[in-house]
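Report on the following structure.
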Amino acid sequence: MSIANTIQKNVITALSALHQQNFTEKDFQINQTKPEFEGDYTIVMFSLVKSLRQSPDAIGNQLGEYLLNTYPALFSKFNIIKGFLNLSVTDTFWTDLLQKNYGNSCFGKKEKNGKKVMVEYSSPNTNKPLHLGHLRNNFLGWSVAEIYKANGYDVIKSCIVNDRGIHICKSMIAWQKYANGATPQSTGIKGDHLVGDYYVKFEGDLKAQSQILINKINLADLCDFSGPALEKLDKLLIALTKLDEIKDEEKIAKLHDEIKEIARNNTSVMAEAKQMLLDWEEGKPEVIELWKKMNGWVYEGFDVTYKRIGSDFDKIYYESNTYLLGKYIVQQGLDKKVFFKKEDGSIWIDLTADGLDEKLVQRKDGTSVYITQDIGLALQKYEEYKIDSSIYVIGNEQNYHMKVLQLICQKLGMPNAENIAHLSYGMVELTTGKMKSREGTVVDADDLVDEMIATSQKHTEELGKVKDFTPEELKDLYDTIGLGAMKFYLLRVDPKKTMVFNPEESIDFHGFTGPFVQYTHARIKSILRKEPLSNNQQPLANSNLLKLEKEVIVMLEQYPDAIEQACSEHNPSVIAMYVFNLAKTFNSFYTEHSIANAETADKKQLRLQLAVMTANALKSGMELLGIRVPERM
RNA sequence: GACUUGGUAGCUCAGCUGGAUAGAGCAUCAGCCUUCUAAGCUGAGGGUCAUUGGUUCGAAUCCAAUCCAGGUCACCA
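Read in order, the letters of the first sequence are residues 0 to 632 in numbering that gives the first Met the number 0.
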């Protein structure tokens, strides 16, 4: 139990004893004392004034006296200022804490609790390489999985690969047309990038073709269209002439977008892609073969990237396998009357009672939609692993989709359906605006990793502190620092918030950054190499703590809380901030007081323990973020 | 339009289950390396916590309204 909780409990006991009534933790607040006042923890008296009908100072005095007398090992003194009771914790408490835990590299982590949780993250499409947004997803997913482990859960990291669908066909079409049989081997281009290049090529063709159509539409030439598309176009054009008079620019833009969408769907390249998707579903051998071949290239490329950034999975699901199961479950749900069928044969679920709409779960032609396979996969996860809860790391643009999925699972009576959690994270924007793959304004993951590692190399060489490293050691160090900087930069922000990616800032190695924390760790290790902590230690005789020494221990005491909070909030930034603050606190102590040349032998021992425990916590915390810490840098 | 998330220093972000004079980092300015790694430390300047009203002993934090920005509302994934 944390010291804050202990104090809270003691105050409850004290108040109940003093006033003969029951109190709970909601009756008062406990905070860390502000630095400008004397004390460690502060109890706010005001909330007690009404029920006790005494002045804040009177209540505080009684309470302070009682606590001091009852818990002399914990409290050394108190003062009351303007209704705030400031309690000082004894130095013995802090030194005991240090002595007990300094060598425990698992400090802050919990015992196994027997619960199983699955974290699904990454979820790439196999038509293009990973970009900055995927990195945020991967780092978050991996870190949350580790944080759960630290809280005693068994964790299964999973990934659903979206390996099927029209987007894949687009790359395949363009490759057939333009590649002349080019392969990653023949071109030397990484597989996922090669496939991505043809996806871009397809989009280029699509844009050119649809522009021709749009130009004709603007001249009122609709001879390329027929059927429902023609009808809709007619309506849109009529609506547009009306709006032109009103001059509502937003609506006009919306209508133009709709026209653009119709034009895109009427191009010949799009028709080819759609045909290929049909062929794929029918299992046409040459299409399947091409699909396997190109997906294979992408997987090879992904493997390289995943390995570099340290993402791994215990279980990989493929959409091409799961979508059929989804359809089967929809059929079952239909029998159970969870779903209903419309006259045209499409299958729906009615969520109006839950404040949502009716939602399609299967098309009238019997093919599955996005959510169909998610339903199947959700059940498969439970049956395969008997998990207690399931976390989905997915962007916040899919909040609605996830809400629907959760409701459907509940209505289907899936076990633990209420334990489906959506770790919804915000988009990564650039200082120049949003990333759009169609417009080529994405930051490629591989490029970014290269750049970060190159920068860390440059900095390291300039500082020249590790000239004796072997080439292998150097490479490892550059990776550790470059990736550390990048991961820390993306994880230090609250996941649910949209964040801005500033290239210059992300590459910074000073201040609130990964390398800052790594550096602090390396510096401690350097001391410990020269001044190892001896094994035969005496209990400390003099336990008077200096201000900066105590600050470090106080920070260390909060590590278990940080791990717990990060887990309950699904928020690695809690750890990032904690680890940064700990490093900062230690650095202040470090510059002010010498460890090797401490005033007395006792002080030296205490400070060495302090250093050991700080290094352990920094290492452990950074590992929860997926960041390694070097012994030297 | 409906629903939803956000608006805190020049920039990027903490703080939001109400508490004392609103905090970091970057950037700017001024200091600190013959002693444990200066990727560090110390200090200064920088704020109408979007706006208005309410609740209360006390509001950046809770409530309401307004303004601004993002997202969703597809037989796309």
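A virtual CB, placed ideally from N, CA and C, is assigned to each residue, including glycine.
Limits of the beta strand (DSSP E) - the one that residue i falls within
i, result
"Gly394", "Ser388 to Gly394"
"Ile80", "Phe74 to Ile80"
"Asp349", "Ile346 to Asp349"
"Glu119", "Lys115 to Glu119"
"Asp153", "Asp153 to Val160"
"Leu86", "Phe83 to Val88"
Pairwise C-alpha distance: residue j and residue i
i, j, result
"Pro470", "Gln456", "12 Å"
"Lys524", "Lys291", "49 Å"
"Gln361", "Asp349", "13 Å"
"Lys385", "Val465", "49 Å"
"Leu73", "Val88", "6 Å"
"Asp56", "Val48", "10 Å"
"Asp95", "Ala420", "39 Å"
"Leu84", "Asn9", "14 Å"
"Ile6", "Phe106", "21 Å"
"Asn161", "Tyr577", "36 Å"
"Ser542", "Asp601", "9 Å"
"Leu131", "Lys335", "43 Å"
"Asn30", "Val611", "28 Å"
"Gly151", "Asp387", "13 Å"
"Asp90", "Leu97", "11 Å"
"Lys486", "Gly625", "8 Å"
"Val427", "Asn126", "20 Å"
"Glu167", "Leu406", "Per the sequence presented here, residue 167 reads as Ile, with Glu not at that position. For Ile167 and Leu406, the distance between alpha carbons rounds to 30 Å."
"Val628", "Ala521", "7 Å"
"Ala484", "Ser423", "23 Å"
"Thr12", "Leu324", "57 Å"
"Thr440", "Lys433", "8 Å"
"Asp302", "Pro123", "12 Å"
"Glu299", "Lys306", "11 Å"
"Leu490", "Asp233", "49 Å"
"Ser15", "Thr23", "9 Å"
"Val492", "Ile2", "27 Å"
"Trp174", "Tyr317", "23 Å"
First and last residue of the uninterrupted alpha helix (DSSP H) at residue i
i, result
"Glu450", "Ala444 to Leu462"
"Tyr147", "Leu131 to Ala149"
"Tyr101", "From DSSP, Tyr101 is part of no alpha helix (DSSP H); its letter is neither H nor E."
"Lys314", "Element bounds for Lys314: not the alpha helix (DSSP H) but the beta strand (DSSP E), Lys314 to Tyr317."
"Ser170", "Ile165 to Tyr177"
"Gly513", "Gly513 to Lys529"
"Val286", "Pro284 to Ile308"
"Ser185", "Pro183 to Thr186"
Residue i classed as buried or exposed, judged by whether at least 16 other C-beta atoms fall within 10 angstroms
i, result
"Glu119", "buried"
"Cys408", "buried"
"Ser533", "exposed"
"Met0", "exposed"
"Gln19", "exposed"
"Phe339", "exposed"
"Arg528", "exposed"
"Tyr558", "buried"
"Asp196", "buried"
"Gln372", "buried"
"His192", "buried"
"His569", "buried"
"Phe45", "exposed"
"Thr41", "buried"
"Ile308", "buried"
"Tyr101", "buried"
"Glu548", "buried"
"Gln608", "buried"
Expected contact under 8 Å - CB spacing of residue i and residue j to nearest Å
i, j, result
"Leu212", "Ala262", "4 Å"
"Thr613", "Val551", "6 Å"
"Ala272", "Ile172", "5 Å"
"Leu229", "Leu239", "The pair is not a contact, with the Cβ atoms about 15 Å apart (cut-off 8 Å)."
"Thr519", "Leu404", "No, Thr519 and Leu404 are not in contact; Cβ-Cβ is about 43 Å, not under 8 Å."
"Val154", "Pro571", "With a Cβ gap of about 14 Å, Val154 and Pro571 do not count as contacting."
"Leu476", "Val448", "Contact doesn't hold; Cβ gap of about 15 Å is too wide."
Could you name each continuous alpha helix (DSSP H) segment of 4 residues or more that falls completely within the segment 557-604, going from the start of the chain to the end? Whole alpha helix (DSSP H) segments, 4+ residues: 558-567 and 572-591.
In chain order, which alpha helix (DSSP H) runs of at least 4 residues are fully inside the segment 205-279? Whole alpha helix (DSSP H) segments, 4+ residues: 226-245 and 248-264.
Contained alpha helix (DSSP H) runs [length at least 4] in the segment 361-439, N- to C-terminal order: Taken in chain order, the unbroken stretches of alpha helix (DSSP H) that lie wholly in the segment 361-439 and span 4 residues or more are 369-384 and 398-410.
What residue ranges within the segment 474-507 form continuous beta strand (DSSP E) runs of no fewer than 3 residues, ordered along the chain? You should have 498-500.
Unbroken beta strand (DSSP E) runs of length 3 or more, entirely within the segment 6-69: which are they? The qualifying runs are 28-31 and 40-43.
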